[in-house]
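This report concerns only the one structure given below.
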Amino acid sequence: MSDVQHTGHRPGPRISRAGWLLLGAVLCVVVALVVLIVPRLLRERQSGQLAVPEGQRASQIYAAVDRALKVPAGTTAQAAKTARLDLPAEAQGNPEGYLFPATYPLRKDTTPASLLTYMVKTADQRLAADRVTSYRTVVIASIVQAEADRPADMGKVARVIDNRLARNMPLQMDSTINYALGRSTLRTSHADTRTNSPYNTYKFQGLPPTPIDNPGADALKAAATPPAGDWLYFVTVKPGDTRFTADYREHLRNVQEFNNSQKDTAAGDTSAGG
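Sequential numbering from -17 applies to the sequence shown in the numbering used here.
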């Protein structure tokens, strides 16, 4: 009888010293490949990024997307008409106001339609997080974004809009006329106020039919929860100095101060140029 006890288990294979050395070498090669190849694959997947500033109009964003993706001018504007964007019914397919300002990664397979879809999805997520469910609020936020000189003034601008709407006063916002005329300027002429456009809030009461730009988070919060106040008028006399008031005569004095400062600036520019 054998002295060896049978336990029913067979001894497992043993790796020799040479085998361990070979395995270590293979693992080193794998790690090196991962370190070298993965970043390259990620770079190839993401070919750049596009920063969308607060307050840009859809037309400006379309042009920026065309340039970023190196497609013919007008391609993104055309894609916006056919892309299945998750927009509220009131928007009637117009993504103005819902192309959320942010920095978006660009991949080699990014298309104008996919990028617009990403922007609208980002806006929807942000609006949901801030509990903004009203298209009206987005319209107001777009005006706030265009009119406010700085974020600290946004709440008061939103309150002015709400107060004027509550009193059935025309908004008389220059930014809405600028949108109608496809421009950006500080001065609005009397002829401008007669522009026959639903975006002319001098001529037509109420809000414009759509947002006039794509507002950022601060403007959206201001429009959703403006501070209490009786203000009906405001004017930015100079950068950092916006005057809010409920008194029309005081507002006229502020406007005159703004006009005087503009004349002084123009005179200074003329002197410097001479």
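Quick reminder that beta carbons are idealized off the backbone N, C-alpha and C, glycines included.
The structure displayed is predicted, hence computed values, not measured ones.
When burial is assigned at 16 or more other CB atoms within 10 Å of the CB, is Leu24 buried or exposed? With a pLDDT of only 49 at Leu24, under the threshold of 50, the placement of this residue in the model should not be trusted; the figure read from the coordinates follows. With fewer than 16 Cβ atoms within 10 Å of its Cβ, Leu24 is classed as exposed.
Have a look at Thr207 and Leu9 and give me their C-alpha separation to the nearest angstrom. 58 Å
Option in Asp144, Arg132, Ala134, Met101 with minimal Cα separation from Val121: Asp144
Are the stretch 87 to 103 and the stretch 120 to 135 touching, with three or more C-beta to C-beta distances below 8 Å? no
Per DSSP, cross-strand counterpart(s) of Val217: Arg225
Quick check on DSSP: helix, strand or coil for Gln187? coil
Go ahead and pull the three-state DSSP assignment for Thr207. coil
Quick one: residues in its chain with C-beta nearer than 6 Å to the C-beta of Ala33, no 5 flanking neighbours on either side, listed in chain order? Thr85
Please confirm whether Tyr44 and Ala59 have their CB atoms less than 7 Å apart. yes
Once DSSP output is grouped into helix, strand and coil, what is the label at Leu147? helix
State the CB to CB distance for the pair Phe186 and Pro180, rounded to an integer number of angstroms; the pair is presumed to be in contact (CB under 8 Å). 6 Å
Of all the options Ala62, Ser29, Gln31, Leu4, which has the alpha carbon lying nearest to the alpha carbon of Ala40? Ala62
Mind checking Tyr80: buried by the 16 CB within 10 Å criterion, or exposed? buried
Kindly indicate which three-state DSSP category Arg169 falls into: helix, strand or coil? coil
By alpha-carbon positions, which one of Pro152, Arg235, Gln107, Asp68 ends up nearest to Ala199? Gln107
The beta strand (DSSP E) spanning Tyr86 covers which residue range? 85 to 89
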